[in-house]
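Numbering that gives the first Met the number 0 numbers the first residue of the sequence shown as 0 and each following residue consecutively.
Following: one structure in structure tokens, then a few remarks.
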Amino acid sequence: MKITGVKTFIMHGVRRNWLFVKVETDEGVHGWGEGTLEGHEKAVEQGIHHLVPLIEGRDPTRIEFLWQIMYRHKFWKAGAVMGSAISAIDIALWDITGKVYGQPIYKLLGGAVRDRVRAYTHAEDLRGSKELVDQGFTAFKTGGWITTTNSFREKDVPGALHEKIKAMRESVGPEVDIMIDNHGRSRPSLAIRQMKAVEEFGLLFFEEPVPPENIDEFALVRDAGLGMDIATGERMYFRWGFRDLLHRQLVDVIQPDIVHCGGISEIRRIAAMAEMEHIKFSPHDPNGPIAVAASVHVCAVAPNFQILETARDMPWHDKVQRPPLKIKDGYFELPTKPGLGVDLDEDVIASRPYEDLTKRGQGSWNALDGSPEDV
């Protein structure tokens, strides 16, 4: 079997565009991958086409060999864009290999250690949190910053967060897990004040309290001694990007994204590195359906898995899949068909063409003087 071609598709979901890749072979077996990188989909698409000459004409089931070629045979090592390109192709190769051997991917990874995969999704307000619990979810994540306006005083952030989480906790009760995503927007001192403001509500974790590019800031938050689980990892790439963070045990939960960090092959290694440090594995995944399916397979086999993110506010997830992944009572059921266990409907993809979302109003916080800050 040889790889004969690689096709790319960009589909507009709702809040972001999804980038899919289809790897084709001379025996008619194809595999789907995903490299969604919001705001940079077309850059990743070109990155995928740059990788095609490295893999075309080769055996798609030699996954590790092809992964090493894609990563090592370029002088400039991959970051967000090329990391997403490699991830997309890697996922598609696993899909093909599972189909060739007639097994779901998690079987090829050693077999499942759990019967189902717990999931959480997003709620930005009180009504949203109630709706998710009514749908059967037992966990959800919400933002850590004021979102009703782009201009506000930084000192008001902890108090506003306290009131928001207090209302959510009173609404959903003590058994539902709540997480906060701070999107790396705070300086360490502010992040500590935010975490102190919600300490009483028993969060599952506090995500990206500070920017990920300076891991020493995580040490400052850790040294505050709050006893709250800290999470990060969505903006880190390949195992080398996680090494120091894990080795220094600066977080309690690691969140690599399967479509950015190097695909199925690499996220499995990152999970194993975290397991050695007794750090939980909770993949970041607000992406499209192929990313979610790939994550489910890895979560099924990782002993230190905690919970998987999914964006259930996007109805096109299910509409583009054949058949869609099954989620019941807040848990994904394990796919039973070979490979990823799902296929994509190219007619549905074509019905939702790319939309330029780069100018969608994100804006700055605290922009009282007109200066740009993190969004």
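We treat Cβ as the ideally placed atom computed from N, Cα and C, and that holds for glycine.
Since this is a predicted model, take the numbers as computed values, not measurements.
Quiz item: So, do the stretch 60–69 and the stretch 39–49 have three or more beta carbon pairs nearer to each other than 8 Å?
Solution: Verdict: no, contact absent.
Quiz item: Under three-state DSSP, which class holds Leu356?
Solution: If DSSP states are grouped into helix, strand and coil, Leu356 belongs with coil.
Practice problem: Could you say which of Met167, Lys154, Phe151, Glu216 lies nearest to Lys140 if we only look at CA atoms? | Solution: Per the Cα distances, Met167.
Quiz prompt | Check whether Ile191 and Val220 have beta carbons under 9 Å apart | solution = Taking 9 Å as the Cβ cut-off, Ile191 and Val220 qualify as a contacting pair.
Self-check item: Coarse secondary structure for Thr141, derived from DSSP in three states
Solution: Note: Thr141 maps to strand in three-state DSSP.
Exercise. For the alpha helix (DSSP H) containing Tyr100, list its first residue and its last residue.
Key: Where Tyr100 is concerned, the enclosing alpha helix (DSSP H) stretches over 79–100.
Quiz item: Quick one: what does DSSP say His283 is sitting in, helix, strand or coil?
Solution: It is a strand residue.
Quiz item: Taking Ala84 as the reference, which of Gly338, Asp222, Asp256 has the closest Cα?
Solution: Out of Gly338, Asp222, Asp256, Asp256 has the C-alpha closest to the C-alpha of Ala84.
Quiz prompt | Complete runs of the alpha helix (DSSP H) confined to the stretch 213–248 [at least 4 residues] | solution = Listed in chain order, the alpha helix (DSSP H) elements of length 4 or more contained wholly in the stretch 213–248 are 215–222, 237–246.
Quiz prompt | Reference Ala293; option with closest CA among Phe205, Leu307, Asn303 | solution = Among Phe205, Leu307, Asn303, the Cα nearest to that of Ala293 belongs to Leu307.
Quiz item: Relative to the C-alpha of Thr357, which residue among Gly78, Thr24, Asn16 is closest?
Solution: Nearest C-alpha to Thr357 among Gly78, Thr24, Asn16: Asn16.
Practice problem: Check the DSSP bridge columns for Thr60 and list the partner residues they point to. | Solution: For Thr60, DSSP records no beta bridge to any residue.
Exercise. Measure the Cβ-Cβ separation of Gly338 and Ile95 and say whether it is below 9 Å.
Key: Their beta carbons are under 9 Å apart, which means Gly338 touches Ile95 by this criterion.
Self-check item: Enclosing beta strand (DSSP E) for Met272 [first to last residue]
Solution: Unbroken run through Met272 is the alpha helix (DSSP H), 262–275; no beta strand (DSSP E).
Quiz item: Quick one: what's got a C-beta closer than 7 Å to Met81's C-beta in the same chain, skipping five residues either side?
Solution: Excluding its 5 nearest sequence neighbours in each direction, Met81 has C-beta neighbours in its own chain below 7 Å: Gly46, listed in chain order.
Practice problem: Answer yes or no: do Gly12 and Leu92 have a C-beta to C-beta separation smaller than 9 Å? | Solution: For the 9 Å CB-CB criterion, Gly12 and Leu92 do not form a contact.
Quiz item: Between Asp344 and the rest of its own chain, which residues show a CB-CB distance below 7 Å, the 5 nearest in sequence each way excluded?
Solution: Short of 7 Å from the beta carbon of Asp344, and not among the five residues preceding or following it, lie these beta carbons of its own chain, in chain order: Val319, Arg321.
Quiz item: Taking DSSP as the reference, what is the three-state secondary structure of Val13?
Solution: Three-state result, Val13: coil.
Quiz prompt | Met375 versus Phe19 - alpha carbon distance | solution = Because the chain here runs from 0 to 374, residue 375 falls outside it and cannot be looked at.
Quiz item: If you run the structure through DSSP and keep just helix, strand and coil, what is Arg113?
Solution: In the structure shown, Arg113 sits in coil (DSSP, three-state: anything other than H, G, I, E or B).
Practice problem: Report the residue from Asp222, Glu123, Asp176 whose alpha carbon sits nearest the alpha carbon of Leu203. | Solution: That would be Asp176, whose Cα lies nearest to the Cα of Leu203.
Quiz item: Who are the near neighbours of Asp114 in its chain, counting only those whose CB is closer than 8 Å to its CB and skipping five residues on each side?
Solution: Excluding sequence neighbours, Asp114 sits near Leu333.
Quiz item: Taking the C-alpha atoms as reference points, what is the distance between Arg427 and Lys73?
Solution: Past the boundaries of the shown model lies residue 427; the chain is included only from 0 to 374, so the question cannot be answered.
Practice problem: Pull up the distance between the alpha-carbon of Pro314 and that of Glu123, whole angstroms please. | Solution: Approximately 18 Å between the Cα atoms of the pair.
Quiz prompt | Stretch pair the stretch 193–208 + the stretch 157–165: three plus CB contacts closer than 8 Å | solution = Touching, yes.
Self-check item: Per-residue burial, Met275 [other beta carbons within 10 Å of its own, 16 or more giving buried]
Solution: When all chains shown are included, Met275 counts as exposed.
Self-check item: Terminal residues of the alpha helix (DSSP H) in which His316 lies
Solution: It spans 315–319 - the alpha helix (DSSP H) in which His316 sits, taken as one unbroken run.
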